[in-house]
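Note that the protein sequences, when read in sequence, are chains D and V. Count along the first sequence from 1, then add 315; that gives the number in this note's numbering. Count along the second sequence from 1, then add 564; that gives the number in this note's numbering. Virtual Cβ for every residue (Gly too), placed ideally from N, Cα, C. Some notes on the structure that comes next.
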Amino acid sequence: MEQETRRPWRRWVVLVLMIAGFVLAGIFIPVRPEITVAPERLIEKPLFILPKPFGPFYLVNTLPTLVATWIILGIIAYFTNRSLKKSAQTDLVPRGIGNVMETLLEVLYNLTESSASSKYARMIFPWFATIMIYVLLANLLKLIPGFESIGVIHPAHGEGYLTKELGTFLGFRWDLLTPDKVEEGGSILAPFFRGVSVDLNFTFALAIISVFMIQVIGFRAQRFGYFSKFFNTRRMFKVPFFGAMDFIVGLLELISELAKVISFTFRLFFNMFAGIILVAVAAFLLGKFTIVASMLYLFELFVGLIQAFVFGMLTMVFMAQATQGHGEEHTEAH
Amino acid sequence: MEESIILAGRYIGAGLAMIGAAGAGVGIGLSVQGALTGMARNPDTYGNLLTNMILGIAFSEAIAIYCLAIAFLILLKIF
């Protein structure tokens, strides 16, 4: 065997990167980023003003990331389409990116079929796969270096940091934030890019879409029988006491639908938000030991993957539950 | 004086916020225990159980992460 010729050169790359991180962190000392729950505004003036109930529309720093996510999704879709078309013309064997996407979608479809009947799996699958791929891309895009660290420098209202001029490039003046803290007259950074999933609007919108479509799919599967889950009058006249109790329990189901929206929203948002805080605090407190922050990055990769999976999976499971009649199994149990 | 009381309050609050992580620890432990028992009884279900176990762990862990986020929000004076 040719075991000797195998050179593990990749580990040297990792070592060089570790040393480079250590040296760079000594030159450009990490500054604690301004952590805010709401996305920061890149331009102080609103872009345009919507009519009365909505109010002004600001260019916040999650919008560029959102557009970037769309562009990347579009590019992936275009190349997948081209690759599949090419393989359909030749020998029907998908290659390259077409193969990867086909494998991914096949795994997801099998997962859908394992919990929903195959009749409804075709209805549920697009929502599940779309939400999952979208959230996955949004979560992973957050990890690219440059996110949360390059941006516009604003004058700080409270405590801020001193800046050092680096020079002009591309017609703009570039400054570096130094770790010297000042009480007044300092500046803070509003990054150009901030992960989309670290914006409550994004997670809330996805949660509303998901929960609304759960109701729609439940209605399409069971017609008006679906609403007997919420307004349960089935046993009201036969056994008044337990019938009334069933009715109250059914009303509680309505509240649990609302709770689904809230839990969807905050699960994704807080997981991603905690990621920002963890990396920032590790980089700020440990300074030169960038290896800890890199390990947290690895953990963030895992969390982003798992959360995208959980968001899609929960949507799929709730949709599959909605297609199955709630009443039938209830009467079977008695 | 007043500032140090506020500081003490902030530290105590962050500590109290992390109590919730105990529940998440119990939850993760229980789900792993259940999955391991199932795997030991029936090793063929390994792959299926592992996926569901990780899913369950992610749910429990989310609770701990809420606590962590709140604790950091209190510590770093973001509220």
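Contact of residue 610 (chain V) with chain D is not assigned, every C-beta pair being separated by 9 Å or more.
For the stretch 563 to 582 of chain D, the residues whose beta carbon sits under 8 Å from a beta carbon of chain V are, in order, 581 and 582.
Nearest neighbour of residue 370 (chain D) by Cα position, chosen from D:362, D:376 and D:571, turns out to be D:362.
Residue 375 (chain D) places its beta carbon 9 Å or farther from that of residue 392 (chain D). For residue 628 (chain D), the neighbours in chain V by C-beta distance under 9 Å run, in chain order, 619.
Closer than 9 Å to the CB of residue 632 (chain V) there is at least one CB belonging to chain D. Contact of residue 625 (chain D) with chain V by beta-carbon distance below 9 Å involves 619, 622, 623 and 626. Within the stretch 586 to 597 of chain D, 586, 588, 589, 592, 593 and 596 place their CB atoms closer than 8 Å to a CB of chain V, listed in sequence order. Neighbours of residue 629 (chain V) across chain D, judged by C-beta separation under 7 Å: 585, 586 and 589. Going by DSSP, residue 598 (chain D) is part of no beta strand (DSSP E) but of the alpha helix (DSSP H) stretching over 555 to 601. For a Cβ distance threshold of 7 Å, residue set 350 of chain D lies close to residue 640 (chain V), ordered along the chain. With its beta carbon less than 9 Å from one in chain D, residue 637 (chain V) belongs to the interface. Between the alpha carbons of residue 348 (chain D) and residue 325 (chain D) lies a gap of roughly 32 Å. Bridge pairing for residue 502 (chain D): D:470 and D:476 [DSSP]. According to the DSSP assignment, residue 619 (chain V) belongs to the alpha helix (DSSP H) that extends over 610 to 639.
Counting other Cβ atoms within 10 Å of its Cβ, residue 398 (chain D) reaches 16 or more and is therefore classed as buried. At a cut-off of 9 Å between beta-carbon atoms, residue 439 (chain D) makes no contact with chain V. In this structure, V:621 is the residue among V:631, V:621, V:639 and V:638 with its C-alpha nearest to the C-alpha of residue 593 (chain V). Identification of chain V residues near residue 621 (chain D) by a Cβ-Cβ cut-off of 9 Å yields 618, 619, 621, 622 and 625, ordered along the chain. Under the criterion of beta carbons closer than 8 Å, residue 591 (chain D) and residue 497 (chain D) do not qualify as touching, at roughly 24 Å. Residue 426 (chain D): member of the alpha helix (DSSP H) spanning 412 to 430, first to last residue.
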